[in-house]
Amino acid sequence: MEKPFLRLVAEDIQTRFGKEISDIAIVFNNKRPITYLKKHLVDVYGQAIWSPQFFTIQEFFSQSSTKTLASSLSQFFYLFELHNDLLKKEGLEPESLEEFYPIAEIILSDFSQLDYDLVPIDQIYMTLFDNTEIDLAFQHFTPEQQEFIKLFWQSFSIKGHTAVQQRFLKLWKRLPVLYRLFKEKMAQENQINHPTIYRALAEGKAEKPDFNRKFQKVLFVGFNALNRAEAQLFKQWQEEGQALFYFDADAHYIDDNLQEAGLFIRRNIQRSGLLNALGDIPNIIGNRTSEVQLYQCLGKNSETKLLHDVLLADFPAGLPADKSAAILLADESLLVPLLQSLPDLEVNITTGYPLIQSPLYGLIDLWCETQLAISHQKKEKIPYQGLETFLSHPMTKMETFAKQKIQKEIADKQQFEVPINEIDISTSAIPYFFEPIQDQQGVIPGINRMIGSLLESMALQGRIKLIESDLLIETRKVLNQLQAGFEKLGNLSISFQIGLVKKAIAPINSAIEGDPLKGIQIMGLLESRCLNFDNIYVLGANEGILPKTSSAATFLPNNLRKAYGLPVLENQDALSAYLFYRHFQYSQGMHLFYNGIVDESSTGEESRFIKQMEFETQFQFIKKTQQQPLLFPVQPDELIVEKKDEIWDKLYQTYIINKKQLSASAFTTYLQSPLQFFLKYVAEIKEPPSISQEFEMNNLGSIIHKCMELLYLPLKGNPDFTPTETLKDKLGLVDQMVLQEIASEYKLEVSNIDDLNSLQRIMHKISSAYIRMYLEYDMANYDAIRIIELENEEDYKLDFEILVDGQSEKLRLYGIIDRVDEVVDKDGQLKTRIVDYKTGGDKILFTKPEKVFAKDTENKALLQTLFYAFVYEQVTGLKGLEPHLYVARRMREDGTLFRNNSGSMVFSDYFLEEMKGDFVAFLRKTLEELFNREIPFKHDPDAQVYPSDPYTLFYKYSVKETIEEE
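Residue 94 is where the sequence shown starts when you use my numbering, and the numbers rise one by one after that.
Right under this line is the structure:
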């Protein structure tokens, strides 16, 4: 088994320097390998020694300057001010912070790249349309480099430029000036950035150019892709005898000039002349015949699910103390699914957890959106969804009782928008969340205040989690830097500040530090540089991800980048190849997972690096395809409630002993679904409170019923008939009356229709139209009217005799009478009517009585109206009551009397009396079935179920009964 790279480095250090290593500097690309090298040094020396000094490359170079490092946000604000100054001088409008932020990121990235690679600024930003000028200006360039420059400027040489080209040229000419001003500004503030340090060192302009001489020797370990500044300095220090270089490489990809994995190390050795302190590079990969497990997975997240099983199979008793393992994320977006899928094994997560995927970001984003509404736009109400999100957020710590109280109030009032002065969240961790900030200066202090409250809340509960606390602290640091920048820019609008806050905090992530020497390590491929593990598990090994097919945004076109030797996409491929290949030099257990599904985000193919390894080497690739058999969920048993024991006792006690009233709605509910009747009227399972943005017909019906009662109430009790033409005076009262009833229904304070939300305005319009239609129908079809009864919910109760277990019992029926009246029609005939108002899709038509007096009746409204008529006639002794249904949608065309489709059967006179008798018989039969112990509460699968039915889940698995034939 091969020795890990850092073990070889530790052994070489002992051989070269013995125990005198305290004045040696060891430099890595990142911090991750430092702990591992320390462990190997301890193992190699086997005794206590003075430690060498460890640095990252940026920390090491920073010792050449005494200036303060400028934060990325400080650099952005400097660039923003300077760029707008240049725009003003050009007579152009300055750009806003939000507009400039993404542009600034690109400009700063380009400036950094030019510094790292020591590119002459004035030269690269020259505007040269003529090929002769290019030949003269770039005589020192190779013909190939000159050709790249000509290709770039060729598109600008045509007479006249497009608008996009003109904008680009203006920015292009501005950039060298902006670069110099930016450097001067940092110098004035006694600040510096890493790219400036690199260029200053390479060009001999650093404050302390000999800072490295305080070390006996500087060891650069595991470097691969070097920029020009690094290559120049490394070569210089090697020639001065100040530096040693340890390259982690394999001859398999170094000796083959076509191998992209070896591109940079070949360049370091051949072009820069750097020597490998470890001597000749061995050919380990070319001589290995180990097995590599390749898993084709059925989806991106399926990779993490399959990894769970593989890890348990590999380490059933946990990771042995003498073994190392790492999960390497080629696709770092798999971190969260991975954390949710890991088995119960000791792990150490070293990759960064992104703020944008945390609950904290959701809370900050909600606060920002809320403040945009209430502080910037000066709104006094917020959408109920925002409040609902706050109440259900895990970090707000709302007490359950207080949360339920708010939710109930919103549902009762059907508030689509909630007044902020009515929101009581005093029991939450952030009781001031919905308070408007006082002025523009309050944005960042407001978020910082919230972060402080969250930290206090978590501390009080003794559960400060590392990830959450780190994210909170990192967010606060970024916000404080933003605040310093905002203060220099004067008054900025709330919307500008919030937009920039979101952009600035989005890249934040928390390094989830743990013990890097214990457990299974989780990291990105880039973080695994210099490290070796006995077992590796690579997730996201797809083409298009390994390597990536896109590069960072830049204003430096590809042709120019090639001409100046700046990094291009091919360089990114080479680095990815190296990071992947190097693990095949050491690891024994190699597991590669890729998404085999083709979709908009996946090619469905394994990385070409895997295919190259399979073709070029003797590794044995064991290919496995994840099998996920189609498992149809076992259908739960149908819910059937037998009328036994407590169920029967509850039914009998409720309705027979305690005389709970049975309404027409309960009766038709039983016909539609006996199971729903049980759930609703026996078990008394209530519908959960909710707020809907869809139109609710029950609210519409309540408003119309109340308005009709108020309009006809003055006529009630009048012994004389009132001419229907007097109803014309009531038409003008309708709009205001409906407005008042909507206010009452939703517990609102309104003075005019403008105070209603959009759905309530629709409700107002429909209600007013329906009520006018009812009034106009009465005026058009009757000469006079006398009101006998209106919306009586109290007086009409009837003890109805049925047989229960062979004994006579009485069941109390209950009817709500919308309206009973006497009318004189246009033919002078007097009729006594019972009227029911309907606002939905009910109808007066039926096919035949047998389909009405049946389970799952075809005309529920007819049964309910006959129910009301029967109860009223029995209680009052009044006979000949004619049932009428006022259905606003159809009454002009169909009238209000129930009839069959052909009109041969109309519910009036003799036919009506016959049907009333049939109804009573059907009512008794149905109620006796309800109290028949042998017939359970069971849903009829053929019954019509409405989409809004809240009890659907209880009877969704109902099955149709079949009759077995002998």
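Positions of the beta carbon are idealized from the N, C-alpha and C atoms, including for glycine.
- Unbroken alpha helix (DSSP H) stretches of 4 residues or longer found wholly inside the stretch 908–975: 942–945 and 953–969, given in chain order.
- When DSSP states are grouped into helix, strand and coil, Gly-355 belongs to the helix group.
- Ranking Tyr-525, His-676 and Glu-191 by CA distance to the CA of Ile-377 puts His-676 first.
- With 16 or more neighbouring CB atoms inside 10 Å of its own CB, Thr-1019 falls in the buried class.
- Rounded to the nearest whole angstrom, the C-alpha separation of Asp-918 and Gln-507 is 42 Å.
- Rounded to whole angstroms, Ala-370 and Ile-347 show a C-alpha spacing of 16 Å.
- For the pair of segments examined, the stretch 279–288 was found to touch the stretch 160–175: the number of CB pairs separated by less than 8 Å reaches three.
- Here Ala-634 is buried: its Cβ has 16 or more other Cβ atoms, across all protein chains shown, within 10 Å.
- Per DSSP, the beta bridge partners of Glu-894 are Lys-903.
- DSSP, read as helix, strand or coil, puts Cys-390 in strand.
- In chain order, Ser-901, Glu-902, Lys-903, Leu-904, Arg-1017, Leu-1020, Glu-1021 and Phe-1024 place their CB closer than 8 Å to the CB of Ile-895, counting only its own chain and leaving out the 5 sequence neighbours on each side.
- Separation of Leu-179 and Gln-168 (C-alpha to C-alpha, rounded to the nearest whole angstrom) is 17 Å.
- With distances taken between CA atoms, Ser-643 lies nearest to Asp-666 out of His-345, Asp-666, Ile-629 and Leu-624.
- For Val-102, the three-state secondary structure derived from DSSP is helix.
- A distance of 7 Å or more separates the beta carbons of Gly-682 and Ile-690.
- Check the Cα spacing between Lys-972 and each of Glu-333, Thr-149, Asp-1002 and Leu-319: the tightest is with Asp-1002.
- DSSP places Gly-682 in the uninterrupted beta strand (DSSP E) bounded by 682–688.
- By the neighbour-count criterion, in which 16 or more other beta carbons inside 10 Å mark a residue as buried, Ile-530 falls on the buried side.
- Nearest in C-alpha terms to Ile-750, of all of Thr-819, Thr-761, Leu-685 and Val-897, is Val-897.
- Under the three-state reduction of DSSP, Ser-756 is assigned to strand.
- According to DSSP, Gly-637 shares a beta bridge with Lys-641.
- Taking a contact to require three or more Cβ pairs closer than 8 Å, the stretch 908–925 and the stretch 848–865 do not qualify as touching.
- The criterion of a C-beta distance shorter than 7 Å is not satisfied by Ile-290 and Phe-110.
- Using a Cβ-Cβ distance cut-off of 8 Å, the stretch 586–598 and the stretch 414–422 are not in contact, since fewer than three pairs of beta carbons, one from each stretch, lie closer than that value.
- Note on geometry: alpha-carbon atoms of Leu-438 and Gln-500 lie some 41 Å from one another.
- Under the three-state reduction of DSSP output, Gly-617 falls in the strand class.
- By the Cβ test, the stretch 720–730 is not in contact with the stretch 868–878, since fewer than three Cβ pairs between them sit closer than 8 Å.
- Straight across, the Cα-Cα distance linking Leu-659 with Ser-365 is about 16 Å.
- Secondary structure at Val-440: strand, using DSSP grouped into helix, strand and coil.
- In the three-state DSSP reduction, Leu-978 falls in the strand class (E or B).
- Exclusion of the five residues before and after Glu-510 leaves Lys-474, Ile-475, Pro-476, Tyr-477 and Asn-850 as the residues of its chain whose Cβ lies within less than 8 Å of its Cβ.
- Taking C-alpha positions only, Phe-304 is separated from Asn-123 by approximately 20 Å.
- Our two residues, Glu-735 and Leu-956, have alpha carbons roughly 27 Å apart in a direct line.
- DSSP places Ile-378 in the helix class (H, G or I) of the three-state scheme.
- With a cut-off of 8 Å on Cβ pairs, the stretch 525–540 is in contact with the stretch 566–584, counting three or more such pairs.
- Apart from the 5 residues on each side of it in sequence, Pro-436 sits with its Cβ closer than 8 Å to the Cβ of His-401, Leu-404 and Leu-405 in its chain, given in chain order.
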